[in-house]
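Chemist: In our numbering, the protein residues as written are 752 to 1568. Glycine is no exception: its CB is placed at the ideal position from the N, C-alpha and C atoms. Predicted model, so just to flag it, every value in this text is computed and none were measured.
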Amino acid sequence: MAHEEKDGYDPSAVENKWQRLWDERGTNVFTREELESAEDPYYNLMMFPYPSAEGLHVGNIYAFTGADVHGRYHRLRGKTVFEPMGFDAFGIHSENFALKIGTHPMDLIPSNVANFTRQLRRIGGMFDWNHVVDTTHPSYYKWTQWIFLQFFKAGLAERKEAPVNWCPSCMTVLANEQVIGGACERCGTPVEQRRIAQWFFKITKYAQRLLDNLETIDWSPTTIKAQSNWLGRSTGAQLRFPVVDADGNETGDVVEVYTTRPDTVFGATYMVLSPEHPLVETVTDDGLRVPVYAYVDAAGKKDLVARQKADKTKTGVPTGGYCRNPATGEVIPIWVADYVLMEYGTGAIMAVPGHDERDFEFAQQFELPIRRVVAGPEHDADTPLEEAYVGPGSLVNSAAFDGTNVSESVETVTAWAAEQGWGEAKVNFRLHDWCISRQRYWGPPIPIVYCESCGPVGVPESDLPVELPRIDDFRPDDSGISPLARVEEWYRTECPECGAAARRETDVSDTFLDSGWYFIRYPSADVDDAPFDPAITKKWLPVNTYIGGNEHAVLHLLYSRFITMVLSDLGHIDFEEPYDVFRAHGLIIRDGAKMSKSKGNVIVPDPIIEEFGADAFRTYLMFLGPFEEGGDYRAGGIQGPFGFLHRLWDSAVGATDDPADPDVERKVHQTIHQVTEQIPALGYNTSIAAMMECLNVIRAGGRSASRAEIEPLVVMVAPFAPHLAEEIWERFGHQGSIFDGDNWPAYDESKAVETTVEVAIQVNGKRRAAIQVAADAPEASVVAAARVDENIARYLADVEERRVIYVPGRLVNFVVG
RNA sequence: GCCGGGGUGGCGGAACGGUAGACGCGGCGGCCUCAAAAGCCGCUGUCCGCAAGGGCGUGCGGGUUCGAUUCCCGCCCCCGGCACCA
């Protein structure tokens, strides 16, 4: 009995032991000197969590484990792997939760962090606990503020009054990226439009570079595509339509429009301004001011909500003003309609109802003229339009351009407009500047002081951090002003430039600014006189591999690229892309839906780890599907990997010193080959399957393993089940951690070669038999052997043989007929 | 509507254009045990057949090929993202 207990697999004993030893020996942590002198550095990054009160859920653990497996693999191959962990703990989510349960974020977050830390240790991640980053700690946000100041000094941070997305429930401004279908991504409340003075980062200046660089980085294609769509580059032309009075004389005002189809300018039969367009007032006829202003007013109120509803019924009003179409010379009416958005292009369009679906619908509704200027192969110049025609064809009703193919006409018409001075080619992006102001409490104060005479002044770097004061009343209100604006003793200060009485900025910054640079901070987390140490940064960055969720494809990943680019331009770092490789992991699905608290299908990991151990849990999560695609979580599924580890343990603990059996050794080397190829490619599920198969061979017929057979398997399983691997490694008599040094098994091709192979015999592509032949048997002898197979002979008896296909080692196919 | 990713046994999932269903879960039968856990052995796509063997099978319809889950064309459905972006 006692003997049983000593040698039986007891996950919690093994895991406790090794987690303790890793801590005691500092297995996973680096000193500054070690970071400085690392020989083969590999920076393995995963997206840091928001430390919620609920603790880690299976989705988090899935992502972390997948990334940890990657890091551990590279470490077993002899690399020096830095794998840090941190907490993205500022933001509305924490603040709202604190409000809900009646506590203070400054009390809530440390206890959440402690709980997360406990859980993260328990799953056996290879985290460097000496380099933890907590974005809410003054030692971190001091440097977040420093980054703001660098942007400010470089003219890349700008304060402007702008229409912003306002969530009436969260009572704060949201970035465009945080508005989903017109509603707040966090609480689902319809978003309103407000005009508030905000700080913006000029990310649009970097749009082209952010797009171009996508070609140079090795990222998941889905993420690349999402970023590229989000940047939304389009090419076209900016055209100017002069405003004319009732007599057709030019007033001097010009409506500037952006279009991707300048070739259809001859079909522009009216103009549309967005309700917020500055020219609305100017062009509106006095007799129409009442309806126009009423429309503009209504649009402003409902704005983002109503505009982004699925209902796309067009509304609009005529202004009574007119433009001259510079191509045709015709006078055309100017309308105001909310289907034209102020945020895109120039906020005004030329409407070509014949060849744009939205314009067509609008023109139909308000009985505006619809003119064909493109004729497809089925049409002529006068074919009536039943709907907007957007297909290929050639221009008609377009004066000198008639007959030109649309594929070339964009260019020729633009050139003509340029020659005449009313337009030029233009590239446009969908991307907007990044609004970083938040009228909330739980974030880093924006380090700006407003002075009557000096204007907005950056807080001197020596005065950082601008500490977030602990205040009891941190509730937001509907005024659009931060809770900090209620704390006079905090916001009253002196102008850093002239010393006059001044007032601090009371907004805090967006959490995406916190997470936009944390990866640069990690290796320098213990440096307190600079945001990052130059030498260490040079050695460790950019990040080798970043693994995270694709929900951040256009938020965090775009902002962190932008910040990196700016820091590079400002000379602080010498790389402009933060992550060499990015891989998006899949999602854990349960009951047909993504595992999430709102869906109510979350699995709490702790009891599972308690029962089966972290190793089995990790292995199961990596086994349940391709890591980059996610998979279905099923409660009983862990039995398979648990049993596997159990058998592996039993075989290893009872291993003999006999030499390896050649047949088993062959399987072992085939497995080494496969696993070595698949793990770095994140093919975790098939790697585990291969190792299971290998163990099945080792144990076939109840045979005992020899140590030579099983030791390579133990090393290969170590990324998935690190505690178990360490324990067996130690029992095999090795000194120190299995993760110290290059312990990955070497693949020997000569040992993996099969001597005999099974060859399938097909007749007309259908498998009719299989024969065993020597692996190096010549074609003729294989075909001859195939021919005399009893079953095959029957099929070949009375038919003509037309062809024989031979695929070495695989099959022989007799084509008969 | 647009952009991604998918549709394979009861289930999760494997398959360089080459033996479809590896590996695992679940199920059935058996061994070990006082019992349980763990472990071990066998069977397990479906239909016909005692068997040998054969028919049918990777969402649907076509095509290319000696051979298609894989490539091409046209559909259907599911998941994720974006959405009046001119």
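Please look up how many angstroms separate the CB atoms of residue 1502 and residue 1416, rounded, as I've assumed it's under 8 angstroms.
Modeler: About 6 angstroms; that satisfies the 8 angstroms criterion.
Chemist: Note down, in chain order, each residue of its chain lying with its Cβ closer than 6 angstroms to the Cβ of residue 866, except the 5 sequence neighbours on either side.
Modeler: 806
Chemist: Can residue 1125 and residue 1146 be called in contact, C-beta distance under 8 angstroms?
Modeler: Taking 8 angstroms as the Cβ cut-off, residue 1125 and residue 1146 qualify as a contacting pair.
Chemist: For the candidate residues 1036, 1567, 1437, 1496, whose alpha-carbon lies nearest to that of residue 827?
Modeler: Taking residue 827 as reference, the option from 1036, 1567, 1437, 1496 with the minimal CA-CA separation is 1496.
Chemist: Hey, residue 1337 and residue 1392: beta-carbon distance below 8 angstroms or not?
Modeler: No; because the gap between Cβ atoms is not below 8 angstroms, this pair is not in contact.
Chemist: Beta-carbon within less than 7 angstroms of residue 957's beta-carbon, same chain only, minus the 5 sequence neighbours each way: which residues are those?
Modeler: 1313, 1316
Chemist: What does DSSP give as the partner residues of residue 1021 in its beta bridges?
Modeler: 1102
Chemist: Just to confirm the assignment, what range does the beta strand (DSSP E) spanning residue 1246 have?
Modeler: No beta strand (DSSP E) contains residue 1246, which DSSP labels as neither H nor E.
Chemist: Could you tell me the alpha carbon to alpha carbon distance between residue 1031 and residue 1234, rounded to whole angstroms?
Modeler: 36 angstroms
Chemist: Taking only three categories from DSSP, how would you classify residue 1509?
Modeler: Residue 1509 falls in the strand class under three-state DSSP.
Chemist: Taking just the CA atoms, how far does residue 1011 sit from residue 1175?
Modeler: 12 angstroms
Chemist: Cutting at 7 angstroms between CB atoms, please list the residues of its own chain near residue 1552, excluding the five before and the five after it.
Modeler: 1565, 1567
Chemist: Since residue 1406 and residue 1454 should fall inside the 8 angstroms C-beta cutoff, what is the C-beta to C-beta distance between them, to a whole number of angstroms?
Modeler: The Cβ separation is near 11 angstroms, so there is no contact.
Chemist: Contact between the region 792-807 and the region 1295-1304 is defined here as three or more beta-carbon pairs at a separation below 8 angstroms; is this criterion met?
Modeler: yes
Chemist: Measure the alpha-carbon distance for residue 824 versus residue 1494 and round it to whole angstroms.
Modeler: 10 angstroms
Chemist: In chain order, which beta strand (DSSP E) runs of at least 3 residues are fully inside the region 1186-1246?
Modeler: 1199-1202, 1206-1209, 1243-1245
Chemist: Across the region 766-780 and the region 812-820, are there enough close Cβ pairs to call them in contact, namely three or more that are closer than 8 angstroms?
Modeler: no
Chemist: Please give me, in chain order, every unbroken run of the alpha helix (DSSP H) with length at least 4 that falls completely inside the region 839-910.
Modeler: 843-852, 856-873, 889-904
Chemist: Rounded C-beta distance between residue 1067 and residue 1035? I'm assuming under 8 angstroms.
Modeler: About 13 angstroms separates the two Cβ atoms, so there is no contact after all.
Chemist: Identify every residue that forms a DSSP beta bridge with residue 918.
Modeler: 923
Chemist: Count the other CB atoms, across all protein chains shown, that sit within 10 Å of the CB of residue 1500; report buried if there are 16 or more and exposed otherwise.
Modeler: exposed
Chemist: Quick check: residue 838 and residue 885, are their CB atoms within less than 8 angstroms of each other?
Modeler: yes
Chemist: Below 8 angstroms, can you find three or more Cβ-Cβ pairs linking the region 1427-1443 to the region 1362-1378?
Modeler: yes
Chemist: Find out if the Cβ-Cβ distance for the pair residue 834, residue 1366 is shorter than 8 angstroms.
Modeler: With respect to residue 1366, residue 834 sits apart: the two C-beta atoms are not nearer than 8 angstroms.
Chemist: Can you tell me whether residue 1227 is buried or exposed? The criterion is at least 16 other CB atoms within 10 Å of its CB, across all chains shown.
Modeler: buried
Chemist: Return the Cβ separation of residue 1220 and residue 1238 in integer angstroms, given the expectation that the two are a contact with Cβ distance under 8 angstroms.
Modeler: At roughly 6 angstroms, the Cβ-Cβ gap stays under 8 angstroms, so residue 1220 and residue 1238 are in contact.
Chemist: Answer with buried or exposed for residue 1054, where buried requires no fewer than 16 other C-beta atoms within 10 angstroms of its C-beta.
Modeler: In this prediction, residue 1054 has a pLDDT of 49, which is less than 50 and means its spatial position is unreliable; what the coordinates show is noted afterwards. In summary, residue 1054 is buried, with 16 or more beta-carbon neighbours lying within 10 Å of its beta-carbon over all protein chains present.
Chemist: Below 8 angstroms on the Cβ atoms is my contact criterion, and I expect residue 1256 with residue 1196 to pass it. Report the Cβ-Cβ distance as a whole number of Å.
Modeler: 7 angstroms
Chemist: Mind reading off the beta-carbon distance from residue 1465 to residue 1403? Whole number of angstroms is fine, and I expect it under 8 angstroms.
Modeler: 6 angstroms
Chemist: So, at 6 angstroms on beta carbons, what are the nonlocal neighbours of residue 1056 in its own chain, with the 5 sequence-adjacent residues on each side left out?
Modeler: Interpretation of residue 1056 is limited by its pLDDT of 48, a score under 50 that renders its predicted location unreliable; the figure taken from the coordinates is listed afterwards. Closer than 6 angstroms at Cβ, skipping near neighbours: 933, 941.
Chemist: Do residue 945 and residue 994 come within 8 angstroms of each other at the CB atom, strictly closer than that value?
Modeler: no
Chemist: Residues in the same chain with beta-carbon distance under 6 angstroms from residue 1358, minus the five sequence neighbours each way, listed in chain order, please.
Modeler: none
Chemist: Are there 16 or more other CB atoms within 10 angstroms of the CB of residue 1276, so buried, or fewer, so exposed?
Modeler: With 16 or more Cβ atoms within 10 Å of its Cβ, residue 1276 is classed as buried.
Chemist: If I measure Cβ to Cβ from residue 1133 and keep anything under 6 angstroms in the same chain, skipping five residues before and after, which residues do I get?
Modeler: Excluding sequence neighbours, residue 1133 sits near nothing in its chain.
Chemist: Report yes if the C-beta distance between residue 1390 and residue 1186 is below 8 angstroms; otherwise report no.
Modeler: no
Chemist: For the candidate residues 830, 1230, 1324, whose alpha-carbon lies nearest to that of residue 779?
Modeler: 830
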